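Reviewing the structure listed below.
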Amino acid sequence: MAETEVGKWLQRDVNCLSDPQRMVRKKSLEKLSQVSDLVAKFGQDHLLQFFHAQLMKPLLVCVADPVEKCRELSLRGSIEFAKLGAFNSEERVRALILAIYGRVGKAPFVETAEEIRLLLLELLHAVLQRTPTEQSLPAEVMDVLGKTA
13 MAETEVGKWL
23 QRDVNCLSDP
33 QRMVRKKSLE
43 KLSQVSDLVA
53 KFGQDHLLQF
63 FHAQLMKPLL
73 VCVADPVEKC
83 RELSLRGSIE
93 FAKLGAFNSE
103 ERVRALILAI
113 YGRVGKAPFV
123 ETAEEIRLLL
133 LELLHAVLQR
143 TPTEQSLPAE
153 VMDVLGKTA
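Here's what the structure looks like:
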């Protein structure tokens, strides 16, 4: 199944992530965060290609969604994608770390929900586990760890 086939099935949900109605965003995030189901349907390689081309940026934008449930779902989906190795380049890792830094990089935290802050750290942990030690990391990583410790 090609990336275009994945796009046919999921592009509408990706587009709905920027919808002004929170229930529309929530429904799309519920579908997109079921990563294991999506891998079973499309295959890991095709799903990761779609993630890199279409899904990563909108999903990271949802990390700062005004609705807590949407933030939670975007983080849960991002964690599952991170476990698949989706954040496999310096550019992708940097984009993710900047999204996390935007929520917990400065005290007082922008992110008010403790459960969401924990998910942010779980996501950071999942990405750092799969990041090669020779890859340079943005300085914001230390800020996030220092502020949340």
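So for the sequence shown, the working numbering puts the first residue at 13; every next one is plus one.
Every residue, glycine too, gets a C-beta built ideally from N, C-alpha and C.
Quick caveat, the model's predicted, so the values are computed rather than measured.
Between the options, which lies nearest to residue i when the distance is taken from Cα to Cα?
i, options, result
"Arg106", "Lys159, Glu134, Ala151, Ser48", "Ala151"
"Glu123", "Lys159, Val139, Glu103, Val153", "Lys159"
"Ser148", "Ala125, Ile109, Lys38", "Ile109"
Can you tell me whether residue i is buried or exposed? The criterion is at least 16 other CB atoms within 10 Å of its CB, across all chains shown.
i, result
"His137", "exposed"
"Met13", "For Met13, the pLDDT reaches just 48, beneath the cut-off of 50, and the residue's location in the model is therefore unreliable, although a value from the coordinates is still provided. Answer is exposed; the Cβ neighbour count stays below 16."
"Pro70", "buried"
"Val9", "This structure cannot speak to residue 9, because the chain is shown only from 13 to 161."
"Gln141", "exposed"
Grab the span of the alpha helix (DSSP H) containing residue i for me, first residue to last.
i, result
"Cys82", "80–95"
"Gly55", "Note, Gly55: premise wrong, no alpha helix (DSSP H); not H, not E."
"Val139", "126–142"
"Gly158", "152–160"
"Glu102", "102–116"
Here's a check: name, in chain order, each residue in its chain whose Cβ is nearer than 7 Å to the Cβ of residue i, leaving out the five neighbours to either side.
i, result
"Glu134", "Ile91"
Excluding sequence positions up to five away, which residues of its chain have a Cβ less than 6 Å from the Cβ of residue i?
i, result
"Val36", "Cys28"
Would you mind stating whether residue i and residue j have Cβ atoms separated by less than 8 Å?
i, j, result
"Val18", "His58", "yes"
"Leu85", "Leu132", "no"
"Ala76", "Val139", "no"
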